[in-house]
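In order, the protein sequence lines correspond to chains A, B, C and D.
With the numbering used here applied, the first sequence covers 649 to 866.
With the numbering used here applied, the second sequence covers 649 to 866.
With the numbering used here applied, the third sequence covers 649 to 866.
With the numbering used here applied, the fourth sequence covers 649 to 866.
Protein chains: 4
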Amino acid sequence: MTEQRTLTEKGRETRLRLLRSAEQLLATQGYANMRITDITSNAGLSAGAFYRYFTDRHQITLELMREMIDEMAEFIRSPFDESDPKRSVLESTHKYFEFYDEHRAVLGVLVEMSQTDAQVAAFWDETKRAFYARIARSLRRGVRLGVIRDDIDPQIAAEMLGSMTEFYAFQRFAMNGSGLTDVSTADATRTIAEIWISGMGLNEQDAQRSAPDDTETD
Amino acid sequence: MTEQRTLTEKGRETRLRLLRSAEQLLATQGYANMRITDITSNAGLSAGAFYRYFTDRHQITLELMREMIDEMAEFIRSPFDESDPKRSVLESTHKYFEFYDEHRAVLGVLVEMSQTDAQVAAFWDETKRAFYARIARSLRRGVRLGVIRDDIDPQIAAEMLGSMTEFYAFQRFAMNGSGLTDVSTADATRTIAEIWISGMGLNEQDAQRSAPDDTETD
Amino acid sequence: MTEQRTLTEKGRETRLRLLRSAEQLLATQGYANMRITDITSNAGLSAGAFYRYFTDRHQITLELMREMIDEMAEFIRSPFDESDPKRSVLESTHKYFEFYDEHRAVLGVLVEMSQTDAQVAAFWDETKRAFYARIARSLRRGVRLGVIRDDIDPQIAAEMLGSMTEFYAFQRFAMNGSGLTDVSTADATRTIAEIWISGMGLNEQDAQRSAPDDTETD
Amino acid sequence: MTEQRTLTEKGRETRLRLLRSAEQLLATQGYANMRITDITSNAGLSAGAFYRYFTDRHQITLELMREMIDEMAEFIRSPFDESDPKRSVLESTHKYFEFYDEHRAVLGVLVEMSQTDAQVAAFWDETKRAFYARIARSLRRGVRLGVIRDDIDPQIAAEMLGSMTEFYAFQRFAMNGSGLTDVSTADATRTIAEIWISGMGLNEQDAQRSAPDDTETD
DNA sequence: GATGAATGAGCATTCATTCAT
DNA sequence: CATGAATGAATGCTCATTCAT
Numbered sequence: 649m650t651e652q653r654t655l656t657e658k659g660r661e662t663r664l665r666l667l668r669s670a671e672q673l674l675a676t677q678g679y680a681n682m683r684i685t686d687i688t689s690n691a692g693l694s695a696g697a698f699y700r701y702f703t704d705r706h707q708i709t710l711e712l713m714r715e716m717i718d719e720m721a722e723f724i725r726s727p728f729d730e731s732d733p734k735r736s737v738l739e740s741t742h743k744y745f746e747f748y749d750e751h752r753a754v755l756g757v758l759v760e761m762s763q764t765d766a767q768v769a770a771f772w773d774e775t776k777r778a779f780y781a782r783i784a785r786s787l788r789r790g791v792r793l794g795v796i797r798d799d800i801d802p803q804i805a806a807e808m809l810g811s812m813t814e815f816y817a818f819q820r821f822a823m824n825g826s827g828l829t830d831v832s833t834a835d836a837t838r839t840i841a842e843i844w845i846s847g848m849g850l851n852e853q854d855a856q857r858s859a860p861d862d863t864e865t866d
Numbered sequence: 649m650t651e652q653r654t655l656t657e658k659g660r661e662t663r664l665r666l667l668r669s670a671e672q673l674l675a676t677q678g679y680a681n682m683r684i685t686d687i688t689s690n691a692g693l694s695a696g697a698f699y700r701y702f703t704d705r706h707q708i709t710l711e712l713m714r715e716m717i718d719e720m721a722e723f724i725r726s727p728f729d730e731s732d733p734k735r736s737v738l739e740s741t742h743k744y745f746e747f748y749d750e751h752r753a754v755l756g757v758l759v760e761m762s763q764t765d766a767q768v769a770a771f772w773d774e775t776k777r778a779f780y781a782r783i784a785r786s787l788r789r790g791v792r793l794g795v796i797r798d799d800i801d802p803q804i805a806a807e808m809l810g811s812m813t814e815f816y817a818f819q820r821f822a823m824n825g826s827g828l829t830d831v832s833t834a835d836a837t838r839t840i841a842e843i844w845i846s847g848m849g850l851n852e853q854d855a856q857r858s859a860p861d862d863t864e865t866d
Numbered sequence: 649m650t651e652q653r654t655l656t657e658k659g660r661e662t663r664l665r666l667l668r669s670a671e672q673l674l675a676t677q678g679y680a681n682m683r684i685t686d687i688t689s690n691a692g693l694s695a696g697a698f699y700r701y702f703t704d705r706h707q708i709t710l711e712l713m714r715e716m717i718d719e720m721a722e723f724i725r726s727p728f729d730e731s732d733p734k735r736s737v738l739e740s741t742h743k744y745f746e747f748y749d750e751h752r753a754v755l756g757v758l759v760e761m762s763q764t765d766a767q768v769a770a771f772w773d774e775t776k777r778a779f780y781a782r783i784a785r786s787l788r789r790g791v792r793l794g795v796i797r798d799d800i801d802p803q804i805a806a807e808m809l810g811s812m813t814e815f816y817a818f819q820r821f822a823m824n825g826s827g828l829t830d831v832s833t834a835d836a837t838r839t840i841a842e843i844w845i846s847g848m849g850l851n852e853q854d855a856q857r858s859a860p861d862d863t864e865t866d
Numbered sequence: 649m650t651e652q653r654t655l656t657e658k659g660r661e662t663r664l665r666l667l668r669s670a671e672q673l674l675a676t677q678g679y680a681n682m683r684i685t686d687i688t689s690n691a692g693l694s695a696g697a698f699y700r701y702f703t704d705r706h707q708i709t710l711e712l713m714r715e716m717i718d719e720m721a722e723f724i725r726s727p728f729d730e731s732d733p734k735r736s737v738l739e740s741t742h743k744y745f746e747f748y749d750e751h752r753a754v755l756g757v758l759v760e761m762s763q764t765d766a767q768v769a770a771f772w773d774e775t776k777r778a779f780y781a782r783i784a785r786s787l788r789r790g791v792r793l794g795v796i797r798d799d800i801d802p803q804i805a806a807e808m809l810g811s812m813t814e815f816y817a818f819q820r821f822a823m824n825g826s827g828l829t830d831v832s833t834a835d836a837t838r839t840i841a842e843i844w845i846s847g848m849g850l851n852e853q854d855a856q857r858s859a860p861d862d863t864e865t866d
């Protein structure tokens with residue numbers, strides 16, 4: 649049985665213990681190498697205990713992803729002020745890096761499994777679309793405000809700039825910096841913001857000047 | 649024994665048949681789901697045949713990666729003309745996308761396995777470093793030529809712009825467009841080049857004007 | 649995992665059941681022909697059950713040897729009365745034959761595997777050394793007591809007389825009498841004792857006469 | 649096909665090469681660990697070559713045993729002079745040790761396989777019987793000559809003394825001295841002869857005196 | 001709720017043996 | 001004669017999953 653209804657207090661605790669244990673293992677060994685018995689023994693439980701709360705390792709992993717996606721959605725809903733794009737980009741990037749750092753385990757697994765697992769791939773697809781859509785929306789607003797060049801398709805640009813940020817974060821946090829030079833997160837954040845700004849043809853003076861007061865409300 | 653000393657013509661053919669078979673399966677099911685017997689039966693051979701040429705699926709996969717890395721190295725060595733950056737970026741990006749498209753199977757697996765396999769992770773790390781180093785070299789030359797802004801660390805910028813291109817390509821080719829809007833490769837190429845150019849502060853007129861005649865020789 | 653930390657009563661029983669099953673098979677088919685599934689099915693268990701308690705057939709076999717070696721050590725520690733050598737030799741030989749008979753299975757395998765397996769060879773080497781050392785000790789004491797000829801190296805003599813007894817027992821019990829004439833164990837025991845006695849130059853009258861009262865202590 | 653008729657000169661050479669190769673491997677790894685491909689590659693041949701001359705490793709091993717048994721038979725037929733038992737025992741033992749040393753590989757395998765292989769067991773049984781019979785015959789003659797005690801069953805005694813010699817030789821030569829103290833072969837030979845002589849109650853003076861001139865001719 | 005014993009399907013791997021060249 | 005490619009039966013071993021206690 650995997651129904652989570654009628655769980656006693658102790659039961660709910662055990663369930664969480666298993667989730668945390670799985671997350672830990674995903675971070676250190678990835679999905680491919682995580683065994684059910686690893687999860688339980690790492691949680692200080694017997695093998696059979698797992699099945700009271702989950703059906704298999706696929707399910708517990710999806711559960712962790714759902715947890716993360718929920719927080720991601722919240723992040724995406726946070727306001728972006730096009731009237732001060734430089735500061736906003738800096739802030740957004742900073743928050744995004746924090747988010748990635750915190751969820752490195754699950755995000756790494758998302759990438760790993762997307763290759764193999766259609767359900768996870770769909771999951772990821774959806775998440776990225778939402779993420780890119782939010783950027784595209786901001787870009788379009790920026791164009792209307794005259795602070796962003798209008799000769800580039802905002803959607804494609806959003807996907808590219810988003811890709812840049814995401815993959816840099818992925819390498820930095822989920823891959824322990826693989827491929828990258830070792831610089832401070834602050835420097836990385838600043839540089840990436842610069843590229844965003846100038847990549848989008850943002851002109852700080854222009855931006856300051858014309859920015860009306862419309863904040864995004866998603 | 650593996651990698652037999654003396655392979656006959658027929659033996660060499662069989663070995664290649666197995667490599668192609670494995671590549672095919674990696675593309676469709678990923679590393680995690682690829683069985684040895686899948687490889688052999690897909691190649692029209694018996695299970696035992698595999699072991700005459702490879703020790704296990706890990707090895708044959710690394711073999712495929714090595715093949716790809718070699719071609720990658722060649723790609724990276726190709727000339728980049730800073731005196732005409734816009735055209736050069738377009739050309740490079742185009743070639744990069746072609747490369748990614750051709751090797752989508754192995755590149756996807758590279759990402760999948762990096763989470764799990766230290767050897768593959770090291771492999772990828774190395775490749776990305778070479779790729780980013782080549783970009784950084786070009787950027788530094790551009791700064792010296794006065795066609796690129798000098799207020800950004802070329803190394804970090806290289807890693808970010810490289811990330812953008814790579815991850816966009818990854819999603820587009822290895823993930824069948826997951827997360828992305830469906831646009832033509834030409835449009836995508838054009839947009840990404842625009843971002844590169846303006847992101848790096850390249851001014852076409854400036855570039856045209858000041859560009860001396862030094863082509864990179866690596 | 650093998651040699652689980654916490655075995656329940658039932659677990660301990662199953663483990664013993666496997667040991668007995670393996671012992672039986674070693675006796676009938678030898679190590680070379682014993683399969684893991686033979687062991688489990690002979691014990692009325694599924695194939696997988698084996699691996700909860702042992703890692704492979706090599707380990708379970710060593711386990712059986714260790715069991716036997718422990719009893720052997722006990723046997724070797726049993727007292728030998730040099731003041732009445734004839735009776736003592738008879739008694740020792742008798743006990744030795746009993747021991748060999750009881751452990752014929754494992755002893756046969758010890759011989760079989762010694763040819764092939766360094767660990768088993770070392771095992772056997774050690775056991776024989778302890779066995780021969782005990783005999784040599786008795787012989788030296790006998791020489792001091794004047795009941796044993798002093799023109800023979802006690803160590804070599806111990807190894808030879810020990811070899812005689814061991815190999816005769818081996819043929820008789822572990823090889824089902826291969827090569828040997830069919831005589832009663834009592835007769836065999838008597839004859840072997842005669843050879844020991846006269847081979848060592850023991851003279852019964854002498855022995856009776858001069859024997860002081862020192863029993864071995866070790 | 650395994651018929652050895654109509655072998656060309658080259659064929660006969662290849663066959664011998666395989667036999668020597670197998671013997672070598674038996675000496676170093678034992679029967680259990682000897683693979684067909686080991687035999688052929690060690691002989692510098694391809695795997696398929698084996699089957700032109702032998703059917704399987706069992707057969708080639710028996711072939712080697714037959715070779716050895718033939719020489720053994722010759723050894724057993726060699727004369728034993730009961731009129732000078734001490735010298736004769738010394739000489740016989742010496743020759744026996746030489747024989748064992750030369751054939752250590754096959755003799756070790758004989759022991760190894762006897763546990764498992766009925767055919768080999770029968771082989772060995774037969775050999776030992778012949779060996780013991782020859783000793784028993786000599787002992788009986790010695791009894792008739794009055795140079796050997798008549799209170800011991802010559803057959804059992806033969807088996808025991810034979811066992812002693814054989815097993816000592818086995819440990820010394822086939823097991824690389826396992827369990828034994830390191831002494832010169834000469835010393836070992838002398839000691840074993842002493843035990844034979846006195847074990848059988850041989851009195852040298854008596855022996856010299858009464859020995860008639862009948863040499864055994866089998 | 002928790003335990004850990006037991007199961008058995010699923011794969012990897014080895015190696016003797018055959019056979020076309 | 002010799003080669004080495006290919007086969008496939010035989011086994012080992014792992015691990016998710018069930019279930020009696």
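The beta carbon of each residue, even a glycine, is placed where N, CA and C say it ideally should be.
Remember, predicted model here, so these are calculated numbers, not experimental data.
Listed from N- to C-terminal order along the chain, which residues in the region 751-782 of chain C have their beta-carbon within a distance smaller than 9 Å of any beta-carbon of chain D?
Taking 9 Å as the Cβ-Cβ cut-off against chain D, the residues of the region 751-782 of chain C that qualify are Gly756, Val757, Val759, Glu760, Met761, Ser762, Gln763, Thr764, Asp765, Ala769, Ala770, Trp772, Asp773, Glu774, Thr775, Lys776, Arg777, Phe779 and Tyr780.
Just checking: is the beta-carbon of A:Gln597 within a distance shorter than 8 Å of some beta-carbon in chain B?
The structure shown does not extend to residue 597 of chain A, since chain A spans only 649 to 866, so no value can be given for it.
Closest by CA to C:Tyr816, which one among C:Ala805, C:Asp830, C:Leu693 and C:Pro727?
If we check each option's Cα against that of C:Tyr816, C:Asp830 comes out closest.
Any contact between the region 730-746 of chain D and the region 759-774 of chain D? By contact I mean 3 or more CB pairs, one from each, below 8 Å.
Short answer: they don't touch.
From this set, D:Ile796, D:Gly810 and D:Glu657, which residue's C-alpha is nearest D:Gly849's C-alpha?
Ranking the options by Cα distance to D:Gly849, first place goes to D:Ile796.
For the 8 Å Cβ check, are there 3 or more pairs between the region 788-804 of chain A and the region 744-751 of chain B?
As far as the Cβ criterion goes, the region 788-804 of chain A does not touch the region 744-751 of chain B, which means the pair count is below three.
Note the first and the last residue of the continuous alpha helix (DSSP H) segment covering B:Pro733.
Element bounds for B:Pro733: Pro733 to Glu750.
Taking the alpha helix (DSSP H) that C:Ile717 falls in, what are its first and last residues?
From DSSP, the alpha helix (DSSP H) with C:Ile717 extends over Arg705 to Arg725.
I'd like to check one pair, A:Ser826 with A:Gln819: are the Cβ atoms closer than 8 Å?
Yes, they are a contact pair.
Can you say whether C:Lys776 is buried or exposed, counting buried as having 16 or more other CB atoms within 10 angstroms of its CB?
The residue is buried, with at least 16 neighbouring Cβ atoms inside 10 Å.
Check whether the Cβ of C:Tyr699 sits closer than 7 Å to any heavy atom of the ligand FAD, and report yes or no.
No copy of the ligand FAD occurs in the structure displayed, which carries no ligand at all.
Report all residues from its chain with a CB closer than 7 Å to the CB of D:Ser832; omit the five preceding and five following residues, and keep chain order.
No residues qualify anywhere along the chain.
Quick check: is the beta carbon of A:Asp801 nearer than 8 Å to any beta carbon in chain B?
At least one chain B Cβ lies under 8 Å of A:Asp801.
Distance cutoff 8 Å, beta carbons only. Does D:Ala855 sit that close to anything in chain C?
Its pLDDT being 43, under 50, D:Ala855 is placed unreliably by the model, and the measurement read from it follows with that caveat. Chain C contact via Cβ: absent.
For A:Thr656, which residues in the same chain have their Cβ closer than 7 Å to its Cβ, ignoring the five residues on either side in sequence?
Result list for A:Thr656: empty, nothing under 7 Å.
Helix, strand or coil: how does DSSP classify D:Gln763 here?
Correct three-state label for D:Gln763: coil.
Which residue from A:Ser736, A:Glu739, A:Leu712 and A:Leu738 puts its Cα closest to that of A:Leu758?
Comparing Cα positions, the closest option is A:Leu712.
So, under 8 Å CB-CB, B:Thr764 and A:Gln763 are touching, yes? Tell me the CB distance rounded to an integer number of Å.
Not confirmed; about 11 Å, so no contact.
Which residues bound the alpha helix (DSSP H) around D:Ile800?
Note, D:Ile800: premise wrong, no alpha helix (DSSP H); not H, not E.
I'd like the list of long-range same chain contacts for C:Arg857, defined as Cβ closer than 8 Å, with 5 residues on each side in sequence excluded.
Note that C:Arg857 scores 43 on pLDDT, short of 50, meaning its location in the model is unreliable and no value can be drawn from it.
Cβ closer than 7 Å: which chain D residues qualify as neighbours of C:Val831?
Near C:Val831 (Cβ distances below 7 Å), the residues of chain D are Ile804.
For A:Arg683, does the three-state DSSP call read helix, strand or coil?
Correct three-state label for A:Arg683: coil.
Excluding the five sequence neighbours on either side, which residues of its own chain have a C-beta within less than 7 Å of the C-beta of D:Gly659, listed in chain order?
Correct list: empty, nothing qualifies.
Buried or exposed: C:Thr685, going by 16 or more other Cβ atoms within 10 Å of its Cβ?
By the 10 Å Cβ count, C:Thr685 comes out exposed.
Please list the partners that B:Ala836 has in chain A, where partner means a Cβ-to-Cβ separation under 9 Å.
Correct list: Ile804, Glu807 and Met808.
Kindly list, in the order they appear in chain D, the residues whose Cβ is closer than 7 Å to that of C:Asn681.
Those within 7 Å of C:Asn681 in chain D are Thr764.
B:Gln707: buried (16+ other C-beta within 10 angstroms of its C-beta) or exposed?
B:Gln707 should be labelled exposed.
So is A:Arg790 in contact with chain B if we call contact Cβ pairs under 8 Å?
The amino acid at residue 790 of chain A is misidentified as Arg; the sequence shows Gly. Closer than 8 Å: no.
Which of helix, strand or coil does DSSP assign to A:Gly659?
If DSSP states are grouped into helix, strand and coil, A:Gly659 belongs with the helices.
Look up A:Gly825 in the DSSP assignment and say whether it is helix, strand or coil.
Correct three-state label for A:Gly825: coil.
I'd like to know whether the C-beta of C:Met812 is nearer than 8 Å to at least one C-beta of chain D.
C:Met812 counts as touching chain D.
My output table needs one value for B:Phe779: the three-state DSSP class, helix, strand or coil.
If DSSP states are grouped into helix, strand and coil, B:Phe779 belongs with the helices.
Taking the straight line between their C-alpha atoms, what separation do you get for D:Leu755 and D:Asp718?
Approximately 13 Å, taken between the alpha carbons.
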